[in-house]
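Let me begin by presenting the structure, written as structure tokens, before commenting on it.
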Amino acid sequence: MNRTLLATAILTSIALVGCGGGSSSSKVTPESQSKVSGVVNKGLVRDGLVKVCVASAANVTEQQCPNGEVLGSTKTDERGQYTFSGLPQNRALLFVLTSHDDPDIITQMKCDFQACLDEGKTLGEWMNVDDDFKLISILAPDADSITAHMTSITDAIAKHTIRASRGSEEVNLDVINSSRSVMAQLFGLDAQKVMSLGAVDLTDAAAIQAAADAGDVESLKVAALSAAFADTKPNLDNLFTLADNLISSVDGDETNTWEEERKALLTGASSVINTVVTELSKDENVDLKLDDVVQKIDDAKDSPPKITPPAETDEITTAKALVKQVRTVYDATQEEGALREGFIRLGDSLDPIPDLLQDDVTATFETLTSALMSIAHKIDDQLVEEAGDWQVTQQGDTYTINTETVKLVVSGSASLVSDEQETEQGGSMNDSAAINLIISELWIKQGSVELEAASGKAEVVSFVSQESWEHEASEGDHDFSETWMLKAEKLHFALNEISLQAKDKEENPLLLTGSIAFTANQPEIKGKHSSSHTSTEQQGQSENFDEETFSARSLDFNLGVRLDYQDQTLEASLSIALDNPNGVVYFTSMREAWQWGEGYNYEVSKGSDLALPGSSLDDIKPETATQFLRGSLLVGLESKVNPDNPQLAKVSLQASRPAFDLLNLNGSIVYNEQSLTLKTQINTEKDEPLNVELSNGQAIAHLREDDKGQVVGTIKVGNKQVASIDAPRNSVSVVRYINGQFESLF
Numbered sequence: 001m002n003r004t005l006l007a008t009a010i011l012t013s014i015a016l017v018g019c020g021g022g023s024s025s026s027k028v029t030p031e032s033q034s035k036v037s038g039v040v041n042k043g044l045v046r047d048g049l050v051k052v053c054v055a056s057a058a059n060v061t062e063q064q065c066p067n068g069e070v071l072g073s074t075k076t077d078e079r080g081q082y083t084f085s086g087l088p089q090n091r092a093l094l095f096v097l098t099s100h101d102d103p104d105i106i107t108q109m110k111c112d113f114q115a116c117l118d119e120g121k122t123l124g125e126w127m128n129v130d131d132d133f134k135l136i137s138i139l140a141p142d143a144d145s146i147t148a149h150m151t152s153i154t155d156a157i158a159k160h161t162i163r164a165s166r167g168s169e170e171v172n173l174d175v176i177n178s179s180r181s182v183m184a185q186l187f188g189l190d191a192q193k194v195m196s197l198g199a200v201d202l203t204d205a206a207a208i209q210a211a212a213d214a215g216d217v218e219s220l221k222v223a224a225l226s227a228a229f230a231d232t233k234p235n236l237d238n239l240f241t242l243a244d245n246l247i248s249s250v251d252g253d254e255t256n257t258w259e260e261e262r263k264a265l266l267t268g269a270s271s272v273i274n275t276v277v278t279e280l281s282k283d284e285n286v287d288l289k290l291d292d293v294v295q296k297i298d299d300a301k302d303s304p305p306k307i308t309p310p311a312e313t314d315e316i317t318t319a320k321a322l323v324k325q326v327r328t329v330y331d332a333t334q335e336e337g338a339l340r341e342g343f344i345r346l347g348d349s350l351d352p353i354p355d356l357l358q359d360d361v362t363a364t365f366e367t368l369t370s371a372l373m374s375i376a377h378k379i380d381d382q383l384v385e386e387a388g389d390w391q392v393t394q395q396g397d398t399y400t401i402n403t404e405t406v407k408l409v410v411s412g413s414a415s416l417v418s419d420e421q422e423t424e425q426g427g428s429m430n431d432s433a434a435i436n437l438i439i440s441e442l443w444i445k446q447g448s449v450e451l452e453a454a455s456g457k458a459e460v461v462s463f464v465s466q467e468s469w470e471h472e473a474s475e476g477d478h479d480f481s482e483t484w485m486l487k488a489e490k491l492h493f494a495l496n497e498i499s500l501q502a503k504d505k506e507e508n509p510l511l512l513t514g515s516i517a518f519t520a521n522q523p524e525i526k527g528k529h530s531s532s533h534t535s536t537e538q539q540g541q542s543e544n545f546d547e548e549t550f551s552a553r554s555l556d557f558n559l560g561v562r563l564d565y566q567d568q569t570l571e572a573s574l575s576i577a578l579d580n581p582n583g584v585v586y587f588t589s590m591r592e593a594w595q596w597g598e599g600y601n602y603e604v605s606k607g608s609d610l611a612l613p614g615s616s617l618d619d620i621k622p623e624t625a626t627q628f629l630r631g632s633l634l635v636g637l638e639s640k641v642n643p644d645n646p647q648l649a650k651v652s653l654q655a656s657r658p659a660f661d662l663l664n665l666n667g668s669i670v671y672n673e674q675s676l677t678l679k680t681q682i683n684t685e686k687d688e689p690l691n692v693e694l695s696n697g698q699a700i701a702h703l704r705e706d707d708k709g710q711v712v713g714t715i716k717v718g719n720k721q722v723a724s725i726d727a728p729r730n731s732v733s734v735v736r737y738i739n740g741q742f743e744s745l746f
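At position 236 of the sequence shown (counting the first as 1) the number is 236 in the UniProt record's numbering, and the numbers step up by one without a gap.
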């Protein structure tokens with residue numbers, strides 16, 4: 001798609017809408033808004049401060065609404081009621097209740113649970129809340145007006161939602177519904193109504209009777225459960241783990257322990273109802289019959305809960321496929337894993353090849369070098385002084401060697417200009433050359449090896465060599481110094497469609513095919529050497545110093561080969577590209593010193609590094625943010641592994657340095673007919689948590705290190721987060737899907 005044309009079309013459309021004829025007008029569709037009303041009931045809370053904000057990652061993590069992000073705030077009235085208007089629809093919102101921040105307003109809660117009665121309070125008595133008092137709720141308004149109470153149950157649902165939303169930029173609506181369903185099933189509640197239940201004041205006999213007469217048993221049950229939280233103080237993490245185990249049908253001591261905690265909470269709810277009936281019945285005008293409420297609570301307590309998560313969406317199925325693929329590859333690369341074992345077997349089967357080919361291959365390339373030297377001598381005897389072992393025929397600018405073991409056809413030209421000067425104290429040598437050779441035929445046979453290439457090229461543009469030396473000598477003293485420099489505009493060598501055939505000791509054929517290319521633009525090598533020696537009959541000292549630097553404007557090396565041997569195939573590739581616009585050099589140096597006399601002393605120092613031009617051991621100028629070596633490295637390996645069940649396995653890794661302080665790593669694994677890619681970026685100058693991206697083209701897992709160095713993350717399908725990855729628990733990283741399901745990552 002032509003993005004420029006697309007952008008132009010969009011902009012044109014906007015312009016036409018905004019600048020149409022006289023009868024047209026621009027309209028903005030307002031965002032749908034909701035009115036949200038409810039009651040805060042833990043018991044009832046009056047003069048509590050309720051704030052609402054978007055349920056972003058930062059807000060839900062801190063469980064608070066920062067001043068700059070508050071969509072609205074209000075104070076609960078004497079009946080615990082609150083109301084907000086103008087809230088956005090279909091967006092996850094965080095509601096936070098705290099004690100009021102105005103010191104003149106005292107936030108209070110009605111006593112409706114056993115613990116406050118045991119402290120001497122009476123049922124319905126107002127009591128001040130603690131400074132850290134808080135209830136939260138997370139919901140997404142989906143109508144013009146909704147009822148959403150804040151209770152201990154909605155607080156637990158919200159915290160389960162936060163747990164399932166780790167890593168997301170904003171709470172997902174599916175996660176809200178899933179957490180609501182899971183927690184409702186855990187306590188035997190109606191998930192569709194749980195947010196609108198629990199507003200009954202358990203200290204008000206008339207309100208209780210009205211709810212009972214209306215058959216609103218569920219609301220009484222939720223109110224009792226909310227009050228029971230203050231008595232039993234359940235560990236929510238334990239209840240969440242119980243829900244996880246019930247979803248995945250995990251039995252065991254842990255499940256039994258957390259089940260007892262759930263039962264204790266429901267038992268506490270029954271006790272709240274019984275206590276309320278007892279206390280209110282002290283008034284002879286009150287005759288409450290709440291046996292059916294207690295029975296409902298006891299039924300939920302005595303019936304082992306069965307939690308069925310919401311149906312799996314297409315996005316969740318896609319995310320699960322990625323997790324399965326990651327786990328398959330991970331398992332396959334572990335000890336005794338199929339992929340690891342496959343490459344080990346492949347390596348073992350190919351192990352004899354280096355020894356098998358070493359002598360013949362070495363001799364083959366020595367023959368190639370010798371033949372090229374003979375042709376170079378034929379082109380210009382200043383390039384190579386010796387004629388060599390091969391007879392070369394010339395026809396125009398084409399040079400040919402044709403024997404029973406070597407067939408080599410080279411065309412092109414070469415020239416060399418040399419100037420040498422020498423005196424008693426030193427000398428100099430300056431050479432310049434240009435070489436442009438095309439190989440149109442290459443075939444060499446050496447022992448069991450046959451080497452062939454369809455074409456090739458050797459090119460040297462504007463080569464210059466400079467060397468100078470000085471020496472001084474006297475009795476007992478000797479000093480020598482030398483400098484040299486080699487440079488060219490371009491060096492290039494390539495062999496295309498290479499074929500190397502051989503046989504092993506059992507006459508099994510081996511075939512290696514591929515190509516190789518190397519290019520260096522503006523390469524330059526500089527070096528210097530100095531030595532000094534001073535001695536007498538009693539003592540002496542010597543010192544040697546060598547330094548060499550290498551630089552090139554750019555380097556490119558590409559190698560691609562395929563090996564066929566004993567019904568096995570292996571493909572390998574290597575690509576290196578270096579870009580050096582600022583002339584960063586690689587240098588090596590060595591200094592040696594000896595002293596002798598009454599004793600003997602030897603010192604040596606070596607160094608190597610990247611530095612800016614002109615640097616030396618005495619003045620090293622390291623890379624900077626603007627002067628640094630850029631580059632990339634790509635390595636690939638492909639083969640069929642597992643002889644018992646042959647599968648294509650392909651592994652590649654690319655490393656690049658786009659900036660002074662950045663290193664990009666991209667990897668790819670093909671296994672089980674599926675592809676998995678890996679991406680990460682490392683800042684070499686900052687101690688930052690590592691972020692890794694895993695993708696199969698359908699879903700993406702974003703993994704990172706948390707502040708404890710543990711792996712956490714998210715899984716997205718498109719732009720939608722469908723799972724979070726929790727920090728390892730019992731050494732297992734857990735993937736939690738937005739419908740409440742979960743599984744291990746590895």
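Backbone N, C-alpha and C fix where the C-beta goes; we use that ideal spot for every residue, glycine too. Remember, it's a predicted structure, so these values are computed and weren't measured experimentally.
If you measure between the beta carbons of Val585 and Pro613, is that distance less than 7 Å? Indexing the sequence shown from 1 puts residue 585 at position 585. Indexing the sequence shown from 1 puts residue 613 at position 613. Against a cut-off of 7 Å, the Cβ pair of Pro613 and Val585 comes out as a contact.
Tell me the residue span of the beta strand (DSSP E) that contains Gly165. As a first step, residue 165 is located in the sequence shown; it is residue number 165 there, counting from the start. The sequence shown places Ser at residue 165, rather than the Gly named in the question. Unbroken run through Ser165: none, as it is neither H nor E.
According to DSSP, Ser575 sits in a beta bridge with which residue or residues? Reading the sequence shown from its first residue, position 575 is the one you call residue 575. According to DSSP, Ser575 bridges with Asn558, Leu634.
Where Arg553 falls: helix, strand or coil (DSSP): Here residue 553 corresponds to residue number 553 of the sequence shown, with the count starting at 1. Three-state DSSP puts Arg553 in coil, outside helix and strand.
Report the partner residues of Gly704 according to the DSSP bridge assignment. Taking the first residue of the sequence shown as position 1, residue 704 is located at position 704. The residue asked about is misnamed: residue 704 is Arg in this sequence, not Gly. According to DSSP, which records beta bridges pairwise, Arg704 is partnered with Asn691, Val712.
Can you tell me which of the three DSSP states Trp596 falls into? To locate residue 596, count along the sequence shown from 1; it is residue 596. If DSSP states are grouped into helix, strand and coil, Trp596 belongs with the strands.
Please work out which residues of its chain come closer than 8 Å, Cβ to Cβ, to Asp661, disregarding the five sequence neighbours upstream and downstream, and give them in chain order. Taking the first residue of the sequence shown as 1, we reach residue 661 at position 661. Result list for Asp661: Ala625, Asn683, Thr684, Glu685, Lys686, in chain order.
Check the DSSP bridge columns for Glu452 and list the partner residues they point to. What you label residue 452 is simply residue 452 of the sequence shown in a count that begins at 1. Looking at the DSSP assignment, Glu452 forms a beta bridge with Trp443, Ser499.
Given 8 Å as the limit, is there contact between the region 207 to 224 and the region 245 to 256, that is, 3 or more CB pairs closer than that? Verdict: no, contact absent.
Using the C-alpha atoms, what's the distance from Ser249 back to Gly740? As a working note, residue 740 is residue 740 in the sequence shown. As a working note, residue 249 is residue 249 in the sequence shown. C-alpha separation (whole angstroms): 13 Å.
Can you give me the start and stop residues for the alpha helix (DSSP H) that Cys116 sits inside? Working through the sequence shown from its first residue, we reach residue 116 at position 116. Taken as a continuous stretch (DSSP letters only), the alpha helix (DSSP H) holding Cys116 covers 114 to 118.
Measuring alpha carbon to alpha carbon, tell me which of Gly86, Lys110, Val276, Ser73 ends up nearest Val96. Looking up residue 96 in the sequence shown gives position 96. For the residues Gly86, Lys110, Val276, Ser73, the minimum Cα distance to Val96 belongs to Ser73.
May I ask you to report which of helix, strand or coil DSSP gives Leu16? Taking the first residue of the sequence shown as 1, we reach residue 16 at position 16. Confidence at Leu16 is low in this model, with a pLDDT of 29, below 50, so the placement of that residue is unreliable and no value is reported for it.
How many angstroms separate the CA atom of Gln681 from the CA atom of Gly667? Position 681 of the sequence shown, counted from the start, is the residue given in the question as residue 681. Position 667 of the sequence shown, counted from the start, is the residue given in the question as residue 667. When rounded, the distance between both Cα atoms is 12 Å.
Taking the straight line between their C-alpha atoms, what separation do you get for Ser455 and Thr569? Here residue 455 is taken as the residue at index 455 of the sequence shown, counted from 1. Here residue 569 is taken as the residue at index 569 of the sequence shown, counted from 1. Computed Cα separation, rounded: 24 Å.
If you follow the beta strand (DSSP E) that Phe133 is in, where does it begin and where does it stop? The sequence position of residue 133 within the sequence shown is 133, counting from 1. Per DSSP, Phe133 belongs to no beta strand (DSSP E) and is neither H nor E.
Give a yes or no on whether the minimum CB-CB distance between Lys193 and chain C is below 7 Å. Absence of chain C from the displayed structure is noted, only one protein chain being present.
Of the choices His377, Val384, Thr367, whose alpha-carbon is the least far from that of Thr403? Counting from 1 along the sequence shown, the entry for residue 403 is found at position 403. Checking every option, the nearest Cα to that of Thr403 belongs to Thr367.
Distance check for Phe463 and Lys708, CA to CA, integer angstroms please. For the purposes of this step, residue 708 is taken as residue 708 along the sequence shown, with counting starting at 1. For the purposes of this step, residue 463 is taken as residue 463 along the sequence shown, with counting starting at 1. In a straight line, the C-alpha of Lys708 is about 57 Å away from that of Phe463.
Name the one or two DSSP bridge partners that Lys528 has. Mapped onto the sequence shown, residue 528 falls at position 528. BP columns for Lys528 point to Thr483, Glu547.
How about Leu139 and Thr98: are their beta carbons less than 7 Å apart? Within the sequence shown, numbered from 1, the residue matching residue 139 stands at position 139. Within the sequence shown, numbered from 1, the residue matching residue 98 stands at position 98. For Leu139 and Thr98, no; Cβs fall outside 7 Å.
Looking at C-alpha atoms only, which residue of Gln721, Glu743, Tyr737 is the closest neighbour of Arg729? Here residue 729 refers to the residue found at position 729 of the sequence shown. A check of alpha carbon separations from Arg729 across Gln721, Glu743, Tyr737 identifies Glu743 as the nearest.
Could you tell me the alpha carbon to alpha carbon distance between Ser34 and Ser196, rounded to whole angstroms? Sequence index remark: in the sequence shown, residue 34 carries index 34 (1-based). Sequence index remark: in the sequence shown, residue 196 carries index 196 (1-based). Near 16 Å, if we compare the C-alpha coordinates of Ser196 and Ser34.
Can you name the start and end residues of the alpha helix (DSSP H) that Ser178 belongs to? As a working mapping, residue 178 is identified with position 178 in the sequence shown. Going by DSSP, Ser178 is part of the alpha helix (DSSP H) stretching over 173 to 186.
Short of 8 Å in beta carbon distance, which residues of its chain neighbour Lys289, apart from the five on each side in sequence? Order them along the chain. For the purposes of this step, residue 289 is identified with residue 289 of the sequence shown, where counting begins at 1. Result list for Lys289: Ala212, in chain order.
Please work out which residues of its chain come closer than 6 Å, Cβ to Cβ, to Ala228, disregarding the five sequence neighbours upstream and downstream, and give them in chain order. Locating residue 228 in the sequence shown gives position 228, where the first residue counts as 1. Excluding residues within five positions, the ones whose Cβ falls inside 6 Å are Leu265, Gly268, Ala269, Val272.
If you run the structure through DSSP and keep just helix, strand and coil, what is Arg736? Counted from its first residue, the sequence shown places residue 736 at position 736. Correct three-state label for Arg736: strand.
Express the C-alpha separation of Leu676 and Thr83 in angstroms, rounding to a whole number. Locating residue 83 in the sequence shown gives position 83, where the first residue counts as 1. Locating residue 676 in the sequence shown gives position 676, where the first residue counts as 1. So the two alpha carbons sit approximately 50 Å from each other.
Give the secondary structure of Ser79 by DSSP, where H, G and I count as helix, E and B as strand, and everything else as coil. Locating residue 79 in the sequence shown gives position 79, counting from the first residue. Here residue 79 turns out to be Arg, not Ser, going by the sequence shown. Three-state DSSP puts Arg79 in coil, outside helix and strand.
Got a sec? Which residues, its chain only, sit under 8 Å from Lys75 by beta carbon, not counting five neighbours each side? Sequence index remark: in the sequence shown, residue 75 carries index 75 (1-based). Result list for Lys75: Asp47, Gly48, Leu49, Val50, Tyr82, His100, Ile105, in chain order.
Closer than 6 Å by C-beta to Ala363: which residues in its own chain qualify, once you throw out the five before and the five after it? Chain order, please. Reading the sequence shown from its first residue, position 363 is the one you call residue 363. Excluding sequence neighbours, Ala363 sits near Gln446.
Quick one: grab the DSSP three-state call for Leu202. The residue given as residue 202 occupies position 202 in the sequence shown. If DSSP states are grouped into helix, strand and coil, Leu202 belongs with coil.
Quick one: is Tyr600 buried, meaning 16 or more other Cβ sit within 10 Å of its Cβ, or exposed? Numbered from its first residue, the sequence shown carries residue 600 at position 600. Exposed, because fewer than 16 other Cβ atoms sit within 10 Å of the Cβ of Tyr600.
Nearest-angstrom Cβ-Cβ length linking Ser632 and Ala655, presumed shorter than 8 Å: Numbered from 1 along the sequence shown, position 632 holds the residue referred to as residue 632. Numbered from 1 along the sequence shown, position 655 holds the residue referred to as residue 655. At roughly 7 Å, the Cβ-Cβ gap stays under 8 Å, so Ser632 and Ala655 are in contact.
Alpha carbon to alpha carbon, how far is Thr588 from Ser551? Give it in angstroms, no decimals. Here residue 551 refers to the residue found at position 551 of the sequence shown. Here residue 588 refers to the residue found at position 588 of the sequence shown. Their backbone Cα atoms lie some 12 Å apart in a straight line.
Using 7 Å as the threshold, is the C-beta distance between Ser535 and Gly476 below it? For this step, residue 535 is matched to residue 535 along the sequence shown. For this step, residue 476 is matched to residue 476 along the sequence shown. For Ser535 and Gly476, yes; Cβs fall inside 7 Å.
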